[in-house]
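Enquirer: Sequential numbering of the sequence shown, starting at 1, is according to the UniProt record's numbering. First, the structure itself, so that you have it in front of you.
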Amino acid sequence: MNTAADTLDLLRGWRAAGWLRALDLAFAEFLHGLDAQAPPSLLLAAALLAQLEGRGHSALPLQGLAQEAPPLLGWPAEAQAPLQAALATMPADAAAAQRAWGGTALLSTAPAVAQGPDAGSPLVLQTGRLYLRRYWRYEADIAAQLRQRVQAEAGSGHAPDEARALLAALFDLPEAAAAEPDWQAVACALALRARLTLITGGPGTGKTYTAARLLVLLQALHGGAQPLRVALAAPTGKAAARLRQSMVAALQGLVARAAASEASGAPAASSPPPAPPALQALPLAAWTAALPPARTLHALLGTRPGTRRFVHDAAQPLDVDLLFVDEASMVHLEMMAALLQALPAGARLVLLGDRDQLASVEAGAVMGELCAGAGPQAYDAATAAWVQAHSGQRLPPPVVADAGHSGGLAQQTVVLQRSRRFAGPIGQLATAVNRGEGAEALALLRAQTAQPGGGALALVPAADSAAIARLAVQGRAAAEAGVDTAGYAAALQALAQRPAETEAFEPWVRGLLTTFDRCRVLCALRSGPFGVAGLNAAIEAALVQQGVLKKGGEWYEGRPVMVTRNEPALGIFNGDIGLVLAPPGAANAANPQAPLRAWFLDGETLRSVAISRLADVETAYAMTVHKSQGSEFAHVLLVLPPEDNPVLTRELVYTGITRARSAFTLVAPEPARLVTAAARLTRRLSGLAEAVRGA
């Protein structure tokens, strides 16, 4: 491979073999068009960078590329020899790349590679990594914004004694410091210190419970004539709705405590514990009532049709003092950059999420990278002193590291570890997978499956899509009380109970949507008999065969649909799930002329859209694990394909397990795939963590 023409021919061959996308090849050809003297290694690097961006990476590291690239690309065996031969021609490090690429006409006449900020070269070479300019800019902007927010002393005006008294009341803290600090109270204390706080933890660890108490704390310490302007957001509509519901429930618990304390006489045994005077004096009910609707991030920022830009940006910032963002692990690089740009410098940002979940489908693993250095060992002496002064919580000596041990972001991050929801078999399974203990996880599944009548967990080695469909429709047995292992038949049978009265229609629809969410099939793959497309078709066929579904075409009453593209004009967004139904007073499903509409539940708001306006939807009996993030279902059936695949990772299985509230069924023709997946960690190539540290 001596010339640019040779390199382009090689890339065209890789495109013909299906190893590269048309976009990857086109980008290399574009650079060659800028300058016919472009070094062959640069054209190769550009194509590989574009390919990796499509796989969620934001940069191409030059150091050790020959070892790094093959497993990340996951190309077939026949591609490995030509790939290694091509990689051998690449610069070995940043210095070699600067020598090979920096003296070309690309820098003088039609710049393609820059060593930093410039007027607009398509590529940037920095810190030993090659970037598409857009992603380099995102990382640089995010890092600058986060460093600024961490360094901003937001809590300098708060009296530590007042904060300590409020936190003691909010979390029922004992007067004497316990051996193990209350990490939820620690998170609230740290949030007083700067304008950025990260709260991470698995399901049931109390992230939104902590957020609700942080909201009360900040409102109480605010002291202004008007309360803080609060916003709630999440990447998907369902996640946003769950965020608000959880926070309202937590706030109502505080309101009930205050009300019980004001009532005369001894409280009943079922009453909440009495509220301390510090809480009784607060307008908790007013703050609860004033909590705004939660919105998707797209809705919060305001989309501009036909463009990637948003209404709110640095020039027109959000009108907010305090922003909570849930399911932050789903937020990709571009969205995080846009969000930080639109947030006023004086506003506080609280990111909530599970750092161990799947990263976003698009480029970047922002939450994972930001939390990478976090943990009990990351705090320095200054942080420990702040926490003790403002919460009374003492970080034990093994927790406190030497000053300067970790970056400032780690000082504003709290990892919640005690799960109050997943203490049983589902939690044990998720923990085993998250630790990479696949064999232990498989043994736990087999032990539960062997229980008489079945337990919360089950392993089903279904051999084909028809067998999986039958399981999805019928559900499975479980002897344990309170374990919901329902299938889809229950939801579809409710279609026959359509009320005749118009006023009863909306409550019926709400119940129908809730019943449908009792069960969900989650897939690792999109295509094939064990993927989303094959299983959706198989489940439809099984429902028709059982007589609980009447399908006269693509659109039919009872069809679950998932939105695959943001439609702000319709009030629906990517990931929203609804059910197709005839409207009240219309002909029923037996009439093919019934004017069908898709009904969506956005928090407490029921919204319907005519099917003629839904151009970007797909059937949603089965969905990818990625699309399930931010949702929760009583019974989850996670389907793993029989063949190994690079997408089978620890994060994917962990995310699938933690979508289950009551029961989890692993459907795997080859159970050993669980062990393989638990051992495979997802890697995203990026320079964000270094940029945040200022490296």
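Just so you know, even glycine gets a beta-carbon here, dropped at the ideal spot from N, CA and C.
When you compare the CB positions of Gly202 and Asp354, do they come within less than 7 Å of one another, or not?
Expert: Taking 7 Å as the Cβ cut-off, Gly202 and Asp354 qualify as a contacting pair.
Enquirer: Looking at chain B, is there any beta carbon in it that lies within less than 7 Å of the beta carbon of Ala620?
Expert: Among the chains of the structure shown, chain B does not appear; only one protein chain is present.
Enquirer: Using C-beta distances below 6 Å, list every residue in its chain close to Arg607, excluding the 5 sequence neighbours before and after it, in chain order.
Expert: Only Gly571 and Phe600 meet the Cβ criterion.
Enquirer: Ends of the alpha helix (DSSP H) at Val692?
Expert: Looking at the DSSP string, the run of the alpha helix (DSSP H) that includes Val692 is Leu688 to Arg693.
Enquirer: Am I right that Ser686 and Glu334 are in contact with their C-beta atoms under 8 Å? What's the rounded C-beta distance?
Expert: 13 Å between Cβ atoms; not a contact.
Enquirer: From Ala299, Leu543 and Val415, pick the residue whose C-alpha is nearest to that of Arg470; which is it?
Expert: Closest by alpha carbon: Leu543.
Enquirer: Taking a contact to mean a Cβ-Cβ separation below 7 Å, would you say Val625 touches Thr655 in this structure?
Expert: Cβ distance < 7 Å, so Val625 and Thr655 count as in contact.
Enquirer: By how many angstroms is the C-alpha of Ala490 removed from the C-alpha of Leu23?
Expert: The straight-line gap from Cα to Cα measures roughly 45 Å.
Enquirer: For Leu217 and Ala286, what's the separation of their Cα atoms in angstroms?
Expert: Whole-angstrom Cα-Cα distance: 14 Å.
Enquirer: Taking just the CA atoms, how far does Ala97 sit from Pro40?
Expert: Each residue's Cα considered, the two are about 12 Å apart.
Enquirer: Jot down the residue ranges of each uninterrupted beta strand (DSSP E) in the UniProt domain "RecBCD enzyme subunit RecD N-terminal" (17-131), minimum 3 residues, whole runs only, in chain order.
Expert: If we require 3 residues or more, the beta strand (DSSP E) runs fully inside the UniProt domain "RecBCD enzyme subunit RecD N-terminal" (17-131) come out as 123-126.
Enquirer: Going by DSSP, what residue range makes up the beta strand (DSSP E) through Leu471?
Expert: Per DSSP, Leu471 belongs to no beta strand (DSSP E); it is in the alpha helix (DSSP H), Ser465 to Gln474.
Enquirer: I want to know whether the segment 483-498 touches the segment 668-676 - three or more CB-CB distances under 8 Å.
Expert: Verdict: no, contact absent.
Enquirer: Quick one, which of Ala185, Gln148, Leu132 and Arg15 has its alpha-carbon nearest Arg394's?
Expert: The shortest C-alpha separation from Arg394 is found at Ala185.
Enquirer: Please classify Glu506: does DSSP put it in a helix, a strand, or coil?
Expert: In the structure shown, Glu506 sits in a helix (DSSP, three-state: H, G or I).
Enquirer: Among the candidates Val325, His298 and Leu322, whose CA atom is the shortest distance from the CA of His312?
Expert: Out of Val325, His298 and Leu322, His298 has the C-alpha closest to the C-alpha of His312.
Enquirer: Where Ala165 and Ala314 are concerned, what is the direct C-alpha to C-alpha distance, given to the nearest angstrom?
Expert: When rounded, the distance between both Cα atoms is 37 Å.
Enquirer: Could you have a look at Ala258 and say whether DSSP puts it in helix, strand or coil?
Expert: If DSSP states are grouped into helix, strand and coil, Ala258 belongs with the helices.
Enquirer: Start and end of the beta strand (DSSP E) containing Ser662?
Expert: From DSSP, the beta strand (DSSP E) with Ser662 extends over Ala660 to Val667.
Enquirer: Thinking just about the alpha-carbon of each residue, which of Ala478, Leu351, Thr200 and Leu352 is nearest to the one in Pro376?
Expert: Nearest of Ala478, Leu351, Thr200 and Leu352 to Pro376, Cα basis: Thr200.
Enquirer: Does the distance from the CB of Leu196 to the CB of Leu322 come in under 7 Å?
Expert: No, the Cβ-Cβ distance between Leu196 and Leu322 is not below 7 Å.
Enquirer: May I ask you to list the residues that DSSP assigns as paired with Thr619?
Expert: Beta-bridge pairing links Thr619 to Val561.
Enquirer: Scan the segment 417-458 and note each continuous alpha helix (DSSP H) run of 4 residues or more that stays entirely inside, going in chain order.
Expert: With a minimum length of 4 residues, the continuous alpha helix (DSSP H) runs that stay inside the segment 417-458 are 425-434 and 438-449.
Enquirer: Output needed for Leu49: all residues of its chain with C-beta closer than 6 Å, excluding positions within five of it in sequence on either side, in chain order.
Expert: Hits under 6 Å: Leu60 and Leu130.
Enquirer: In or out: Asn645 buried (at least 16 other Cβ within 10 Å) or exposed?
Expert: It is buried - the Cβ of Asn645 has at least 16 other Cβ atoms within 10 Å.
Enquirer: CA-CA distance, Thr3 and Asp319?
Expert: Taking the straight line from one Cα to the other gives about 55 Å.
Enquirer: Is Leu416 near the ligand COA, judged by its Cβ being under 6 Å from some heavy atom?
Expert: Here there are no bound small molecules, and the ligand COA is not part of this structure.
Enquirer: So, with DSSP's three-state summary, where would you put Ser360?
Expert: Ser360 falls in the coil class under three-state DSSP.
Enquirer: Who are the Cβ neighbours of His390 in its own chain at under 7 Å, not counting the five residues just before and after it?
Expert: The answer, listed in chain order, is Pro160, Ala163, Arg164, Ala189 and Leu192.
Enquirer: Rounded C-beta distance between Pro235 and Val366? I'm assuming under 8 Å.
Expert: Not quite, the Cβ-Cβ distance comes to about 11 Å (not below 8 Å), so this is no contact.
Enquirer: Once the 5 residues before and after Thr104 are set aside, which same chain residues still bring their CB inside 7 Å of it?
Expert: Interpretation of Thr104 is limited by its pLDDT of 43, a score under 50 that renders its predicted location unreliable; the figure taken from the coordinates is listed afterwards. Counting only Cβ-Cβ distances below 7 Å, and skipping sequence neighbours, we find Asp35, Gln37, Ala38 and Pro39.
Enquirer: Which residue or residues does DSSP assign as beta-bridge partners of Glu567?
Expert: The partner list for Glu567 (beta bridge, DSSP) reads Ile572.
Enquirer: Between Leu688, Ala225, Gly204 and Glu540, which has its C-alpha nearest Arg242's C-alpha?
Expert: Among Leu688, Ala225, Gly204 and Glu540, the Cα nearest to that of Arg242 is on Gly204.
Enquirer: For a quick check, are the C-beta atoms of Ala472 and Val399 less than 7 Å apart?
Expert: Against a cut-off of 7 Å, the Cβ pair of Val399 and Ala472 comes out as no contact.
Enquirer: From the DSSP output, in three-state form, read off residue 721 for me.
Expert: Nothing can be reported for residue 721: it is not among the residues displayed for the chain, which extend from 1 to 695.
Enquirer: Can you tell which of Ala678, Leu62 and Pro76 has the C-alpha that lies nearest to the C-alpha of Arg435?
Expert: Arg435 has its Cα closest to that of Ala678, out of Ala678, Leu62 and Pro76.
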